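J.: Okay, here's the structure, questions in a sec.
Numbering (my numbering), first residue to last: 90 to 314.
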């Protein structure tokens, strides 16, 4: 099973945390190079149809943790295809999880109306703390004046990731407590044949997950359909 290596990641986190502490003390970091203001990409008077994606290899659309092994039509591209009005900023990263993303997330400029948070499978596989870091990320999005959308966890192969259901329930519960839209990925139909390995969706299952996420965006912004 391909999860982020716990020892390597925790060592990395300690370094990142120290860097973030210094950066915050000196006024924070610069926005990433790909952070294009969504307002600059739409004509005056147009609806703000823009979304930033944060998540792991499943939302990135890859096989394992190698970024080059990407689906032909990954979720970011599928969202744009299904809803052409959207500007989609893709900040997903294979192997990502909430506590790994949180320090850099706090320093990033987000210019989109919506922010999708799809974490949990690596958290579940490693039994990482999940509820409060997820809540912190949601509240960080709100503090920026943006609208968070939280996904549930996709489904692994039968018998894999015994903690999947518990972590999916955490995501649902935190989303409800924070009164944000929940995209129920667990409700998306699938079989073991839909997976590339024990964990990662093949193209058809990935498309269905993207469609479920688009349904959540439609609830939040019907004018962007």
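We treat Cβ as the ideally placed atom computed from N, Cα and C, and that holds for glycine. The structure displayed is predicted, hence computed values, not measured ones.
Just the C-alpha distance for residue 110 and residue 192, rounded to the nearest angstrom, thanks.
T.: Within the chain shown, residue 110 is the residue found at index 21, counting from 1. Within the chain shown, residue 192 is the residue found at index 103, counting from 1. Legend: pLDDT at residue 110 = 41, less than 50; position of this residue unreliable, value from coordinates given subsequently. Taking the straight line from one Cα to the other gives about 9 angstroms.
J.: Is there contact between the stretch 224-231 and the stretch 171-182, where contact requires at least three CB pairs shorter than 8 angstroms?
T.: no
J.: For the stretch 267-285 against the stretch 227-246, are there 3 or more C-beta pairs whose distance is under 8 angstroms?
T.: With a cut-off of 8 angstroms, the stretch 227-246 and the stretch 267-285 count as touching, because enough Cβ pairs lie within range.
J.: Report, in whole angstroms, the separation of the C-beta atoms of residue 298 and residue 163, which I expect to be a contact under 8 angstroms.
T.: Along the chain shown, one-based indexing puts residue 298 at 209. Along the chain shown, one-based indexing puts residue 163 at 74. Wrong, their Cβ atoms sit about 11 angstroms apart, outside the cutoff.
J.: To which residues does DSSP link residue 238 through a beta bridge?
T.: Locating residue 238 in the chain shown gives position 149, where the first residue counts as 1. Answer is 205 and 270.
J.: Quick check on the burial criterion: 16 or more other C-beta atoms within 10 angstroms. Buried or exposed for residue 184?
T.: Translated into the one-based positions of the chain shown, residue 184 becomes position 95. Classification of residue 184: buried, given that the 10 Å Cβ count is 16 or more.
J.: With a threshold of 16 other CB atoms inside 10 Å of the CB of residue 294, please say whether the residue is buried or exposed.
T.: By 1-based counting over the chain shown, the position of residue 294 is 205. The residue is buried, with at least 16 neighbouring Cβ atoms inside 10 Å.
J.: Give the straight-line distance between the Cα atoms of residue 303 and residue 208, rounded to the nearest whole angstrom.
T.: As a first step, residue 303 is located in the chain shown; it is residue number 214 there, counting from the start. As a first step, residue 208 is located in the chain shown; it is residue number 119 there, counting from the start. Cα to Cα, the separation comes out at about 17 angstroms.
J.: Tell me which residues share the same chain as residue 292 and place their Cβ nearer than 6 angstroms to its Cβ, disregarding the 5 neighbours each side in the sequence.
T.: For this step, residue 292 is matched to residue 203 along the chain shown. Hits under 6 angstroms: 160.
J.: Exposed or buried, which one is residue 173 when buried takes at least 16 other CB atoms within 10 Å?
T.: Here residue 173 corresponds to residue number 84 of the chain shown, with the count starting at 1. When all chains shown are included, residue 173 counts as exposed.
J.: Which whole-angstrom value is the C-beta distance of residue 312 and residue 288, which I expect to be below 8 angstroms?
T.: Mapped onto the chain shown, residue 312 falls at position 223. Mapped onto the chain shown, residue 288 falls at position 199. Wrong, their Cβ atoms sit about 36 angstroms apart, outside the cutoff.
J.: Taking the alpha carbon of residue 210 as the point to measure from, which residue in 196, 258, 201 and 231 has its own alpha carbon closest?
T.: By 1-based counting over the chain shown, the position of residue 210 is 121. Measuring from the Cα of residue 210, the nearest candidate turns out to be 258.
J.: Near residue 148, what residues of its chain come up, given a Cβ to Cβ distance below 7 angstroms and the 5 sequence neighbours on each side ignored?
T.: Locating residue 148 in the chain shown gives position 59, where the first residue counts as 1. Correct list, in chain order: 142, 164, 181 and 207.
J.: Measuring CB to CB, does residue 135 end up less than 7 angstroms from residue 296?
T.: Within the chain shown, numbered from 1, the residue matching residue 135 stands at position 46. Within the chain shown, numbered from 1, the residue matching residue 296 stands at position 207. No, the pair does not count as a contact, with Cβ atoms beyond the cut-off.
J.: Hey, how far is the Cα of residue 151 from the Cα of residue 186?
T.: For the purposes of this step, residue 151 is identified with residue 62 of the chain shown, where counting begins at 1. For the purposes of this step, residue 186 is identified with residue 97 of the chain shown, where counting begins at 1. Approximately 15 angstroms, taken between the alpha carbons.
J.: Taking Cβ to Cβ, would you say residue 243 is nearer than 7 angstroms to residue 274?
T.: Within the chain shown, the letter at position 154 stands for residue 243. Within the chain shown, the letter at position 185 stands for residue 274. Cβ distance < 7 angstroms, so residue 243 and residue 274 count as in contact.
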